[in-house]
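Enquirer:
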Amino acid sequence: MKKEDTHYRLLPMAGAYNMRDLGGYRTIYGKHVKWKTFLRSDDMNKLTSTDLDYLTLLPLRTVVDFRGEAEKRAAADHLPQTVSKHIPLPIEAGNMSDIAHFDKNNLSAVMEEVYAFIVRHMQDTYKEFFRILTEKANTPLLFHCSAGKDRTGIAAALLLSALGVERDTIIEDYMLSAQHIQTKYDFITKDHPELKPLTTVRKEYLETAFRVIDKEFGGIESYLINNLEADIEKLRNLYTE
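So the sequence shown is numbered by the numbering used here: it starts at 4 and just counts up by one.
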């Protein structure tokens, strides 16, 4: 196999901790998600020239940024010249202010509430995300937030669900963030171990999102089609093989 044909789950980036390819996952229809089509990532402000060269070779066409305005100002994306669309779809922490009981002694429960909030109240954002995905000319496409674990993790879970990947596999992909971003937040958790639930992923977080989707929206397929207006048949035809 030629080096350029090698498939990496975790991309060899010097300036990102958690940039991953969603390719290769088997669907319930016996196909696989195409490689080098969808990338999920943490922030991109420290990408090196070598990193950008790698993304240029894909060639990366579209970047969807789920970060809020303050996050983007503090850490502006470094993008390869091949990117023709840089699309802001902000999901800001401020939007979650109506989570009533912020219990600093149970931050895992807080994170579960955040995930529930996102799937209930950020549907317009993810609807636009799926509209972008439906246009093949927008691929290869990368989507990211700051850590590449929560807003991006939900987006990846919804996308893989739409493509027909089994839920257990989706959760396994989601949990890869725990190992990849640990180093990124060591400087926080070393002195404040109680903040660990905010700086990692736990399967209970994503399971909470799926549980809300199943109980309140009739299941994942109903949620994708009726709430996010995803054309799942077209997505599967375009992006699985």
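Cβ coordinates follow ideal geometry from the N, Cα and C atoms, glycine included.
#1: Along the chain, where does the alpha helix (DSSP H) containing S44 start, and where does it finish?
#2: Is the Cβ-Cβ distance between R231 and T30 less than 8 Å?
#3: Which whole runs of the alpha helix (DSSP H) in the stretch 136-218 are 4 residues long or more, in chain order?
#4: Per DSSP, P91 is paired with what?
#5: Under DSSP, the alpha helix (DSSP H) around R123 begins and ends at which residues?
#6: For R76, name the three-state secondary structure that DSSP assigns.
#7: Considering only residues of the same chain and omitting the five flanking positions on each side of N98, which have a CB-CB separation below 6 Å?
#8: Taking the DSSP output, what are the residues bridged to T30?
#9: If you reduce the DSSP assignment to three classes, tell me which class L238 lands in.
#10: So, for K39: in the same chain, excluding its five sequence neighbours on each side, which residues have a beta-carbon less than 8 Å away from its beta-carbon?
Expert: From the atom records:
#1: That residue, S44, is in no alpha helix (DSSP H); its beta strand (DSSP E) goes F41 to S44.
#2: The sequence as given places Leu at residue 231; Arg does not occur at that position. In this structure, T30 does not lie closer than 8 Å to L231 by Cβ.
#3: Complete alpha helix (DSSP H) runs here, min 4: 154-166, 170-183, 189-192 and 199-202.
#4: DSSP lists D68 as partners of P91.
#5: Counted as a single uninterrupted DSSP element, the alpha helix (DSSP H) harbouring R123 occupies residues L110 to H124.
#6: Helix, per DSSP.
#7: Low confidence applies here, because N98 scores a pLDDT of 48, under 50, leaving its location unreliable; read the following figure in that light. Nothing meets the Cβ criterion.
#8: Bridge pairing for T30: V168 [DSSP].
#9: Here L238 sits in helix by DSSP.
#10: Within its own chain, the residues whose Cβ lies closer than 8 Å to the Cβ of K39, once the five positions on either side in sequence are excluded, are H10, D24, G26, L61 and P143, listed in chain order.
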